[in-house]
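Novice: Submitted below is the structure of interest, expressed as C-alpha cells.
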Amino acid sequence: MVQAFFPLKSIIFAHYLPRRYLMSQLNKYKRFTITSALPYANGPLHIGHLAGAYLPADIFVRYLRLKKKDVVYICGSDEHGAAITIKAKKEDTTPQAIIDKYHKQIKDSFEEFGIAFDIYHRTSSPIHHELSQEFFLNLYEKDEFIEKFSDQYFDEDYQQFLADRYIIGTCPNCGNENAYGDQCERCGTSLSPTDLINPISTLSGKTPVLKSTKHWYLPLDKYQPWLEQWIDAKEGSWKVNVFGQCKSWLKSGLQPRSMTRDLDWGIDVPLAEAKGKKLYVWMDAPIGYISATKQWAIDNKKDWKLYWKKQADEQDDACLLHFIGKDNIVFHCIIFPSILHAHGEYILPQNVPANEFLNLEGDKLSTSRNHAVWLHEYLEEFPGKQDELRYVLTSILPETSDSEFTWKDYQARVNNELVAILGNFVNRVMILMHKFYDGKIEADTEKIEFTDATLSTGIGEYYDEIEKNLEAYRYRQALQAVMDMARLGNRYLTEKEPWKTIKTEPAAAKEALHNCLVLIGHLATVAQAFLPATAKRIITMLNLPNEPIAYDQEMYFNNGHQLNPAALLFEKVEDDVIEAQLKKLSDKKAAAVPPKSADVLPAKENVNYETFATMDIRTGTILAAEKVAKTKKLLKLTIDTGIDERTVVSGIAEYYEPENIIGQKVSILVNLEPREIKGIVSQGMILMAENSEGKLSFVAPTEDFHNGAVIR
94 MVQAFFPLKS IIFAHYLPRR YLMSQLNKYK RFTITSALPY ANGPLHIGHL
144 AGAYLPADIF VRYLRLKKKD VVYICGSDEH GAAITIKAKK EDTTPQAIID
194 KYHKQIKDSF EEFGIAFDIY HRTSSPIHHE LSQEFFLNLY EKDEFIEKFS
244 DQYFDEDYQQ FLADRYIIGT CPNCGNENAY GDQCERCGTS LSPTDLINPI
294 STLSGKTPVL KSTKHWYLPL DKYQPWLEQW IDAKEGSWKV NVFGQCKSWL
344 KSGLQPRSMT RDLDWGIDVP LAEAKGKKLY VWMDAPIGYI SATKQWAIDN
394 KKDWKLYWKK QADEQDDACL LHFIGKDNIV FHCIIFPSIL HAHGEYILPQ
444 NVPANEFLNL EGDKLSTSRN HAVWLHEYLE EFPGKQDELR YVLTSILPET
494 SDSEFTWKDY QARVNNELVA ILGNFVNRVM ILMHKFYDGK IEADTEKIEF
544 TDATLSTGIG EYYDEIEKNL EAYRYRQALQ AVMDMARLGN RYLTEKEPWK
594 TIKTEPAAAK EALHNCLVLI GHLATVAQAF LPATAKRIIT MLNLPNEPIA
644 YDQEMYFNNG HQLNPAALLF EKVEDDVIEA QLKKLSDKKA AAVPPKSADV
694 LPAKENVNYE TFATMDIRTG TILAAEKVAK TKKLLKLTID TGIDERTVVS
744 GIAEYYEPEN IIGQKVSILV NLEPREIKGI VSQGMILMAE NSEGKLSFVA
794 PTEDFHNGAV IR
C-alpha cells in the first residue's frame, strides 16, 4: 500500500500553515495530571454529569495527547460517605452491594461512551485506604488538626450519630426546607448541621438531639491568609465563576472543618482513640486521585511521584488540573488544597475549570424524579451515536452559566450541522474523487498538499482559534472553529465547482479536489479531540494509518495514493425518534408520584398552640424587587407589611423575575430575628409552597386583604 503521509520530525505546522498561536502556555509543563470528579457509586450517570466534569476533561486530555504531552487522566468511583449508606437503606441492601453494582455500571458506561481515562479506580481499594490513612497521620503528627468535642446530632431511635447528609432542614440562607446538613443545593451555601432550622433525621423522621462527640478538625481559618494569596494569584487565569465563588467563601471567613465522622461505612480513622469513627468523605475522596495514580503507575511501571510530588526543580512540577461541576468548587479549591498544603510534599492545582449545571427540557435534571437522559439508556437507544451526543453537549456546555439540553436542539444540531456541514463536505469530496478518478490520487508532484494560499491561511487561523480556546477551557468556541473549518471546505468546493470544470478545466478540478482532501485530513486531525469515532471513520476513508494524527504532524498525500470507499459520517435524526424521547420524559413525569420518604419531609413534632401563637405572620405586598449582586438565587425585596416597609432577602430568583412580582401579595413572618445575608439585613421571611419538583409558589390570601392582616 502506498503510504498516504508521514511525519517529518524537523517539520512542524508553522512551516506549511500560516499560524500565530505558537507560544502555548502548555509548553512550560513536562507532565500533566488531569482529574475528573469521582462520581458517587450510588446511581447511574446522566448527561449533566458528562457536561460538568467528564466530557470537557476528555476533550482537553485528547488535545494534550495530540500535542504529544505526557499526561495521565485519572478518575474512579467515590464509594464512601453517607450517600452510599442512604442508597443502601433505600434499596434494602448493603453498602458493598451498592458500590459493586454502580461502580460497574458507571465504568462500563464511561468505556462505551469513550471517555479516555488512563485508569478508572475505586476508593474501596486497599491502596486508597492505606494512602488516605497516611495523609491523616501525616497531618496528625504535625499537629495540624484541632481536636475538640462538639455537639453533634444524634438519632435516639437508631442510636446513631448523624452524618451531614442524614439531616434535612431549612436553609437559613434561602429558606429551602430540603437543605442537607453540609450544603443547600438550592442556593449553594455550605452549611453545618447545626445551621439548619428545624433539623430532621432522615432515618427516623424525628428531630434529633445534640450529643457530645470528639472529632479532628482541619483549621481552615489558619490557612486562610495563605489561601487568599494563592487564590488571588489565579485571578484572570481561573474561570470567573470559580474565582468568584472562592472569593465569596474567603470573604465570609473560613472555619475549622471536621475531617472525621461517626459512621459505620468508610475509611477507619487510624487512631486507637477513634474506634468506630471514619474519615470525612471529602478527606478521602480527592486523595482517590492520588491513589488511582499510584495504581496506574504500578500497572504501567511508571513513577507516580512525578505526577503528584513537588520536584527538586519547581519548573519540573506537573500541571495539576481538576475538572468538576460547580457544586464541588469549595472542596477542590479550598479544602483539598489546604490538605495538600498542610502535608507539604504535593503540588497544588494550577486550574480548576468547573462548569455550571445543565438543565433538561426547561427543568432541572433530577435523579429522584427520574428527570434525566441517562447515559446507559442513551447508549442502548442510540447505538454508535456517541459522537452525536459529544457534539451536542460540547455545543451547549455550561461553561460559566447554566445551559439547557432539549431533544429538538439535539435533532437540529445533528441534522443542520453534523450532517449538513461536516458530513456533507466529506461525503461530496469522497464521492467526486471516486466518480472521476476511481478514488486514486494522481498528480504531477510526489507530494499532494495545499496549493491554495487562501485555504492554507484559513486553516492555519482555525488551528489558532481551536488551540487558544481549548487552553482557555472555551470548548464551545473551539468546536465552532472546527465546524467553521468544514464550512470553509464547503465554500471552497462550491466556488471551484469541480463537477463542472472536470470537462473544461480538468487540471483545475483535480487540484481543487486534492486541496479538499488535504483539508479533510486537517478536519480529521482537529476532530480527534471532540469527535474521536468520527475522526477514525474519516481516517479510514482517507486510507491513512490507523493511528492518531498529532498536531505537529505534516499533512499531505503521496502521488498514487488510493482512497477507501465513501461512507456517510452521520445520519439524520428523524422526528419520530425525538418524539419518542419526549414521550419517554413525559411518561416519567406522569408516573412520578409524590415521594413518600426522602423528598417529602415527614410531619414535624407537635407544638402547642402557645408556641405557634408566637409567630406573627401578616399579609404584605412586594413594592420593589432586585437581584442580589453576585448571586443567582437571591432577590432583595421591599415589602409593605402594613406595619412598616422592610427588606427581605429571599431565595426565589430561580423562579421569579424581579419585575414580574411587583405588587405580588405575600404572607410574611414579621417577627423572625433579623439576619444578615450577603451584606443585606433581612427582616423576615416570606412563605412559599414547594412541590415535589422543587418549584416554588407564593402563599398568599385569595382575596385582596389589606397589608398587615394577621394570618392565624
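Read in order, the letters of the sequence shown are residues 94 to 805 in the working numbering.
Positions of the beta carbon are idealized from the N, C-alpha and C atoms, including for glycine.
Given the structure is predicted, the values throughout are model-derived calculations rather than measurements.
Name the DSSP bridge partner or partners of H214?
Specialist: Looking at the DSSP assignment, H214 forms a beta bridge with G169.
Novice: What does the alpha-carbon distance come out to for the pair T544 and C280?
Specialist: Cα-Cα distance, rounded: 57 Å.
Novice: Quick check on the DSSP output: the beta strand (DSSP E) that includes H415 runs from which residue to which?
Specialist: Counting along the chain, the beta strand (DSSP E) containing H415 begins and ends at C412 to F416.
Novice: Classify F106 as helix, strand or coil using the three-state DSSP reduction.
Specialist: Low per-residue confidence applies at F106: pLDDT is 34, beneath 50, and the placement is therefore not dependable, though the value from the model is reported in the following sentence. The answer is helix: DSSP assigns F106 an H, G or I state.
Novice: Which of helix, strand or coil does DSSP assign to N651?
Specialist: Strand.
Novice: Taking only three categories from DSSP, how would you classify V423?
Specialist: Of the three classes helix, strand and coil, the one that applies to V423 here is helix, per DSSP.
Novice: For a test of your reading of the model: does the CB of L765 fall under 7 Å from any non-hydrogen atom of the ligand MG? Yes or no.
Specialist: You won't find the ligand MG in this model; it holds no ligand whatsoever.
Novice: Helix, strand or coil, according to DSSP, for Y310 in the structure here?
Specialist: Of the three classes helix, strand and coil, the one that applies to Y310 here is strand, per DSSP.
Novice: Report the three-state DSSP secondary structure of E783 (helix, strand or coil).
Specialist: Looking at E783 - three-state DSSP - the assignment turns out to be strand.
Novice: Classify P767 as buried or exposed, calling it buried when 16 or more other Cβ atoms lie within 10 Å of its own Cβ.
Specialist: Classification for P767: exposed.
Novice: Skipping 5 residues on each side, what residues in its chain have a beta carbon closer than 7 Å to that of F529?
Specialist: Counting only Cβ-Cβ distances below 7 Å, and skipping sequence neighbours, we find I595.
Novice: Between the Cα of I220 and those of I167, L157 and T386, spot the shortest distance and give me the residue it belongs to.
Specialist: Ranking I167, L157 and T386 by Cα distance to I220 puts T386 first.
Novice: Specify, as a first and last residue, the run of the beta strand (DSSP E) that L468 falls within.
Specialist: L468 -> not in any beta strand (DSSP E); alpha helix (DSSP H) instead, spanning L468 to E474.
Novice: Note down the Cα distance separating C609 from G582, rounded to an integer number of angstroms.
Specialist: The alpha-carbon atoms of C609 and G582 are separated by roughly 7 Å.
Novice: If you draw a straight line from the C-alpha of T216 to the C-alpha of V374, how long is it?
Specialist: About 10 Å.
Novice: Would you please state the rounded distance, in angstroms, between the beta carbons of L453 and F498? I believe it to be under 8 Å.
Specialist: Right, the Cβ-Cβ distance comes to about 5 Å (below 8 Å), so this counts as a contact.
Novice: I'd like to check one pair, L356 with S294: are the Cβ atoms closer than 8 Å?
Specialist: Their beta carbons are not under 8 Å apart, which means S294 does not touch L356 by this criterion.
Novice: To the nearest angstrom, report how far apart Q504 and L635 are at their CA atoms.
Specialist: Their Cα atoms are separated by approximately 28 Å.
Novice: A793 by DSSP, collapsed to three states: which one?
Specialist: In this structure, A793 counts as coil in the three-state DSSP scheme.
Novice: Taking the runs of the beta strand (DSSP E) that are 3 residues or longer, which of them lie wholly in the segment 270–296?
Specialist: Segments of the beta strand (DSSP E) lying fully in the segment 270–296: 290–294.
Novice: Enumerated in chain order, which unbroken segments of the alpha helix (DSSP H) with a length of 4 residues or greater are wholly contained in the segment 166–209?
Specialist: For the segment 166–209, whole alpha helix (DSSP H) runs of length 4 or above, ordered along the chain, are 175–183 and 188–206.
Novice: What's the gap between the Cα of D257 and the Cα of C277?
Specialist: Roughly 11 Å between the two C-alpha positions.
Novice: Give the straight-line distance between the Cα atoms of S690 and L612, rounded to the nearest whole angstrom.
Specialist: Its pLDDT being 44, under 50, S690 is placed unreliably in this model, and the value from its coordinates should be taken loosely. Whole-angstrom Cα-Cα distance: 58 Å.
Novice: If you drop the 5 nearest sequence neighbours on each side, which residues of the same chain put their C-beta closer than 6 Å to that of F228?
Specialist: Closer than 6 Å at Cβ, skipping near neighbours: I380.
Novice: Would a check of beta-carbon distances place N657 closer than 8 Å to chain C?
Specialist: Reference to chain C is not applicable here, since this structure consists of a single protein chain.
Novice: Output needed for K788: all residues of its chain with C-beta closer than 7 Å, excluding positions within five of it in sequence on either side, in chain order.
Specialist: Within the same chain, K788 has close Cβ partners Y748.
Novice: Take F429 and list the residues in its own chain whose beta-carbon comes closer than 7 Å to its own, dropping the five residues that flank it on each side.
Specialist: Result list for F429: P379, in chain order.
Novice: What separation, rounded to the nearest whole angstrom, lies between the Cα atoms of G455 and V335?
Specialist: Approximately 25 Å between the Cα atoms of the pair.
Novice: Return the chain-ordered list of same chain residues with a C-beta closer than 6 Å to the C-beta of H425, the five sequence neighbours on each side being excluded.
Specialist: Once the five neighbours on either side are set aside, the close Cβ partners of H425 are H415, I417 and V445.
Novice: Which same chain residues end up closer than 7 Å to V522 when comparing Cβ atoms and leaving out the 5 residues on each side of it in sequence?
Specialist: L586, L606, C609, L610 and I613, listed in sequence order.
Novice: Taking Cβ to Cβ, would you say W319 is nearer than 8 Å to I177?
Specialist: Contact flag unset, no.
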